[in-house]
Amino acid sequence: SQQGEEDPQALSIQEGENATMNCSYKTSINNLQWYRQNSGRGLVHLILIRSNEREKHSGRLRVTLDTSKKSSSLLITASRAADTASYFCATSGNFGNEKLTFGTGTRLTIIP
Amino acid sequence: DGGITQSPKYLFRKEGQNVTLSCEQNLNHDAMYWYRQDPGQGLRLIYYSQIVNDFQKGDIAEGYSVSREKKESFPLTVTSAQKNPTAFYLCASKEHWGETQYFGPGTRLLVL
């Protein structure tokens, strides 16, 4: 079963603007990760946030986690055309990291 | 170069035929995974293996089989029992205690 639902399903913005996408999940988690997928390619890990963390930064990426609302957001600042891709959240359960459960993804298009 | 390779990139299956997708990694990772991705959807877990000669069913294992005879290899067979096999198949691996999964480039399976 898919744990995460992402919102919006698709997002188009102008180059240079900020992009925000959200992920909601259903059960308690150990950590939440964001992955990126270029069209027809494999996934690439972007950033991980643990259940006891509220915010994390990596370059132009900012991730927040609200465990009380079972939700996370990914902010990409100063977007570039190369950021065009699908973005997925994935959660790791309370009892270990052996499996990830992926959300449905947000398709981001950056307009040059 | 270290990484995960999947072959072939495209695979065509005839009705009633079994086909095998290859996944090889030279990252010395213990755990390996197979996911199915349908158009516009997230990833669903088919099978995973945490150690050689052992594997577990994921959420959608029916119609699929796997083996893990070597640490580096985790082939997936799509059997004739899988009535709707057309999808993008992704293989991933991770270290035993790791949290992040590393993905191959994927195999697109089409039915003739």
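Protein sequences, first through last, are from chains A and B. In this text, residue positions in the first sequence follow the working numbering: the first is 86, and each later residue adds one. In this text, residue positions in the second sequence follow the working numbering: the first is -19, and each later residue adds one. Ideal Cβ positions, reconstructed from N, Cα and C, are used throughout, including at glycine.
- Residue ranges of uninterrupted beta strand (DSSP E) with 3 or more members, entirely inside the region 111 to 135 of chain A and ordered along the chain, are 114 to 122 and 128 to 135.
- Residue 99 of chain A counts as exposed, since fewer than 16 other C-beta atoms from the protein chains shown sit within 10 angstroms of its C-beta.
- Counting only the Cα atoms, residue 185 of chain A lies some 20 Å from residue 4 of chain B.
- Proximity of chain B to residue 126 of chain A at the Cβ level (cut-off 9 Å) is accounted for by 83, 85 and 86, in chain order.
- 173, 177, 182, 183, 184, 185, 187, 188, 189 and 190: these are the residues of the region 157 to 190 of chain A whose beta carbon lies less than 7 Å from some beta carbon of chain B, given in chain order.
- Between residue 94 of chain A and residue -1 of chain B, the alpha-carbon positions lie close to 33 Å from each other.
- Within chain B, 79 and 80 have C-beta atoms less than 7 Å from the C-beta of residue 133 of chain A, given in sequence order.
- Going by C-alpha positions, residue 12 of chain B is about 6 Å away from residue 72 of chain B.
- Chain A has a Cβ within less than 7 Å of the Cβ of residue 23 of chain B.
- Within 10 angstroms of the beta-carbon of residue -8 of chain B lie fewer than 16 other beta-carbons, which makes it exposed.
- What residue 116 of chain A touches in chain B, judged by beta-carbon distance under 8 Å, is 79, going in chain order.
- A distance of 7 Å or more separates the beta carbons of residue 152 of chain A and residue 140 of chain A.
- For residue 130 of chain A, a Cβ of chain B is located within less than 7 Å of the residue's own Cβ.
- In this structure, residue 147 of chain A places its C-beta atom within 7 Å of the C-beta atom of residue 160 of chain A.
- Within the DSSP secondary-structure output, residue 153 of chain A pairs in no beta bridge.
- Under the Cβ criterion of 7 Å, residue 56 of chain B is not counted among the residues facing chain A.
- Following the DSSP letters along the chain, one finds residue 178 of chain A inside the beta strand (DSSP E) bounded by residues 170 to 178.
- Below the 8 Å Cβ cutoff, chain A contributes no neighbours of residue 89 of chain B, its closest Cβ being approximately 13 Å away.
- Shortest Cα-Cα distance from residue 189 of chain A to any of A:113, A:135 and A:106 involves A:106.
- Around the beta carbon of residue 116 of chain A, 16 or more other beta carbons sit within 10 angstroms, so the residue counts as buried.
- Going by beta carbons, residue 114 of chain A and residue 176 of chain A fall inside the 7 Å limit.
- Restricting attention to A:120, A:102, A:103 and A:136, the CA atom closest to the CA of residue 91 of chain A is found in A:120.
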